[in-house]
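Enquirer: Sending over a structure as structure tokens; questions will come in a sec.
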Amino acid sequence: MRKRRVILLGATGSIGTSAVKVADSIPDRMEIVGLAAHRNVTRLAEQANRLRPPAVCAVDGEAARQLKALLAYSPEIHTGEHGLVELATRPEADLVLVAIVGTAGLRPALAALRAGKDLAVASKEILVMAGAIVMEEAARLGRVVLPVDSEHNAIFQCLENRPSEQIQNIILTASGGPFRCWPAEDLARVTPADALKHPTWSMGPKITVDSATLFNKGLEMIEARWLFNVPMERVQVVVHPQSIVHSLVEFADNSVLAQLSHSDMCFPIQYAVTWPDRVPNNLKPLRLSELRRLEFEEPRYDVFPALNLARTAGEQGGTLPAVLNAANEVAVETFLQGRIPFPAIWRLVAETMEQAPQLASPTLDDILEADAQARRHAQNLLTYL
């Protein structure tokens with residue numbers, strides 16, 4: 153049983169804090185040897201002073217200067233986007249857990265693979281925007297990409313390295329969000345406060361709004377296409393309000409396997425770190441006799457168009473998934489500022505996808521440029537919403 157030495161990018165967010173909790177619970181299997189955050193130096197310093205990794209990174213320059221004064225020891229301090237790459241390639245680590253929101257995790261993720269590290273991926277943008285590049289690079293280098301999202305981690309557990317030709321359908325479960333049963337005409341009155349009330353998960357504001365629009369599930373569809381090497385038509389979504397079944401796999405023989413647990417990100421994080429082993433923990437066990445019901449229903453595609461937009465982006469590929477992701481980030485930020493109504497999130501993404509330029513076989517630089525162009529395009533379109 154080996155001990156994983158982990159670099160944690162995005163240490164102060166919800167995934168990062170859960171990862172630290174996992175490290176505390178299985179110290180014989182997981183040691184954090186590097187921590188990175190954007191600018192939350194108070195929490196980063198608390199984590200570093202307790203875990204004592206040899207290196208830390210605050211991406212924001214002013215935050216890095218503040219961090220030095222808050223540390224009770226003298227690790228190497230990295231800063232800037234290049235600091236993330238330096239941290240992700242340090243020789244003492246064998247696994248890099250990427251939990252950074254946005255595009256900032258792309259270059260350090262690829263750098264980590266090229267430095268001989270395995271990846272544990274919690275940042276959707278990495279595989280949504282550059283899934284082909286990341287997975288091809290991992291295969292070329294003989295490295296493993298381990299999913300941390302609860303849904304993809306569930307699929308990973310169900311598949312157990314079975315070849316993709318044995319997969320009939322990957323079925324991602326969605327809670328349906330807080331507006332699952334709302335009439336379509338009522339969605340225009342949704343406020344940011346309404347959208348930030350997720351029925352089962354405690355997450356950051358961006359991903360919580362994405363769960364309400366179902367763009368979170370749409371992005372996960374594209375992720376699954378790359379992680380498990382299946383075409384988009386074999387990636388399906390079912391609404392499961394209880395969030396106990398985290399995803400399912402339907403195989404060629406029409407049998408279905410599912411992974412169940414309580415809603416706690418410590419489950420998938422621990423499995424990603426300890427894979428292929430299963431390690432005892434103190435997480436809440438699932439008592440099937442205590443479950444009143446497990447419900448499943450079709451998504452309302454006409455009311456929540458995010459799933460069809462994501463399917464289109466995933467099928468077309470190229471830079472279109474990056475365009476979708478960028479436009480959605482602009483739309484969510486603008487909605488949270490109270491400047492556009494909730495349904496305008498879908499309209500802004502759809503119009504940006506229709507109008508933004510696209511490339512079929514992009515390089516990483518092409519993808520990052522498409523991201524920047526789509527953001528500018530979406531900002532311009534806001535005038536007309």
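Residue numbering for the sequence shown follows my numbering, starting at 153 and increasing by one per position.
Note that CB positions come from ideal geometry on N, CA and C, so glycine has one too.
Is Ser170 helix, strand or coil by DSSP?
Expert: Helix, per DSSP.
Enquirer: Figure out for me which residue from Gly356, Leu203, Phe331, Ile374 has the closest Cα to the Cα of Arg287.
Expert: A small correction: the amino acid at residue 287 is Met; Arg does not occupy that position in the sequence shown. Closest option to Met287, Cα to Cα, is Ile374.
Enquirer: To the nearest angstrom, how far is the alpha carbon of Ala264 from that of Val185?
Expert: Near 14 Å, if we compare the C-alpha coordinates of Val185 and Ala264.
Enquirer: Label Phe448 either buried or exposed according to how many other C-beta atoms from any shown protein chain fall within 10 Å of its C-beta, with 16 as the threshold for buried.
Expert: Under this definition Phe448 is an exposed residue.
Enquirer: On the three-state DSSP scale, how would you describe Asn201?
Expert: In this structure, Asn201 counts as helix in the three-state DSSP scheme.
Enquirer: Under the rule that 16 or more other beta-carbon atoms within 10 Å means buried, what is Gln318, buried or exposed?
Expert: So Gln318 ends up on the exposed side.
Enquirer: Hey, out of Asp405, Ala336, Thr360, Val172, whose CA is closest to Leu203's CA?
Expert: When only C-alpha atoms are compared, the closest one is Val172.
Enquirer: Below 7 Å CB to CB, which residues in the same chain sit around Gly328 once its five sequence neighbours on both sides are set aside?
Expert: Hits under 7 Å: Val391, Pro393.
Enquirer: Hey, would you say Ile322 sits closer than 8 Å to Val387, going by beta carbons?
Expert: Yes; because the gap between Cβ atoms is below 8 Å, this pair is in contact.
Enquirer: Rounding to the nearest angstrom, what Cα-Cα distance links Gln320 and Arg463 in this structure?
Expert: Near 17 Å, if we compare the C-alpha coordinates of Arg463 and Gln320.
Enquirer: Pull up the DSSP beta-bridge partners for Ile229, would you.
Expert: Beta-bridge pairing links Ile229 to Val208.
Enquirer: Can you tell me the Cα-Cα spacing of His230 and Ala410, whole angstroms?
Expert: Distance between the alpha carbons of His230 and Ala410 is about 42 Å.
Enquirer: What's the call for Asp362, buried or exposed, on a 16-neighbour Cβ count within 10 Å?
Expert: It is buried - the Cβ of Asp362 has at least 16 other Cβ atoms within 10 Å.
Enquirer: When DSSP labels each residue in this structure, what does Arg341 get in the three-state scheme?
Expert: Arg341 falls in the helix class under three-state DSSP.
Enquirer: On the criterion of 16 or more Cβ atoms from any shown chain inside 10 Å, does Asp301 qualify as buried, or is it exposed?
Expert: Buried, since its Cβ has 16 or more Cβ neighbours within 10 Å.
Enquirer: Is it right to say Asp182 is buried, meaning 16 or more other beta carbons lie within 10 angstroms of its own, or is it exposed?
Expert: Strictly speaking, residue 182 in this sequence is Met, with Asp absent from that position. Met182 comes out buried.
Enquirer: Would you mind listing the beta strand (DSSP E) stretches within the stretch 276 to 333 that are 3+ residues and don't spill past its ends, in chain order?
Expert: If we require 3 residues or more, the beta strand (DSSP E) runs fully inside the stretch 276 to 333 come out as 297 to 299, 319 to 326.
Enquirer: Using the rule of at least 16 other Cβ atoms within 10 Å of the residue's Cβ for burial, across every protein chain shown, is Met153 buried or exposed?
Expert: Met153 should be labelled exposed.
Enquirer: For Val482 and Ala522, which I take to be in contact (beta-carbon distance under 8 Å), what is that distance rounded to the nearest angstrom?
Expert: Contact doesn't hold; Cβ gap of about 14 Å is too wide.
Enquirer: Just how far apart, CA to CA, sit Glu244 and Arg157?
Expert: Approximately 7 Å, taken between the alpha carbons.
Enquirer: So what's Gly186 in DSSP terms, helix, strand or just coil?
Expert: Gly186 falls in the strand class under three-state DSSP.
Enquirer: Say whether the stretch 499 to 519 touches the stretch 466 to 480, bearing in mind that this needs 3 or more beta-carbon pairs closer than 8 Å, one atom from each stretch.
Expert: They touch, by the three-pair rule.
Enquirer: Per DSSP, Phe403 forms a beta bridge with which residues?
Expert: Beta-bridge pairing links Phe403 to Ile319.
Enquirer: Tell me whether the stretch 398 to 407 and the stretch 248 to 260 touch, counting them as touching only if at least three CB pairs, one residue from each stretch, are closer than 8 Å.
Expert: Cβ pair count under 8 Å is below three, so no.
Enquirer: Would you mind stating whether Ser399 and Thr325 have Cβ atoms separated by less than 8 Å?
Expert: Going by C-beta atoms, Ser399 is nearer than 8 Å to Thr325.
Enquirer: If you measure between the beta carbons of Leu187 and Ala224, is that distance less than 8 Å?
Expert: No, they are not a contact pair.
Enquirer: Using the C-alpha atoms, what's the distance from Ala478 back to Arg528?
Expert: One C-alpha to the other measures close to 9 Å.
Enquirer: Closest to Thr365 by CA distance: which of Leu348, Trp378, Leu293 is it?
Expert: Out of Leu348, Trp378, Leu293, Leu348 has the C-alpha closest to the C-alpha of Thr365.
Enquirer: Express the C-alpha separation of His414 and Ser395 in angstroms, rounding to a whole number.
Expert: Going from the Cα of Ser395 to the Cα of His414 covers about 8 Å.
Enquirer: If contacts are defined as beta-carbon pairs under 8 Å, then Ser166 and Gly294 qualify, I think. What distance do you get, rounded to the angstrom?
Expert: With a Cβ gap of about 31 Å, Ser166 and Gly294 do not count as contacting.
Enquirer: Looking at Val208 and Leu236, is the spacing between their C-beta atoms short of 8 Å?
Expert: No.
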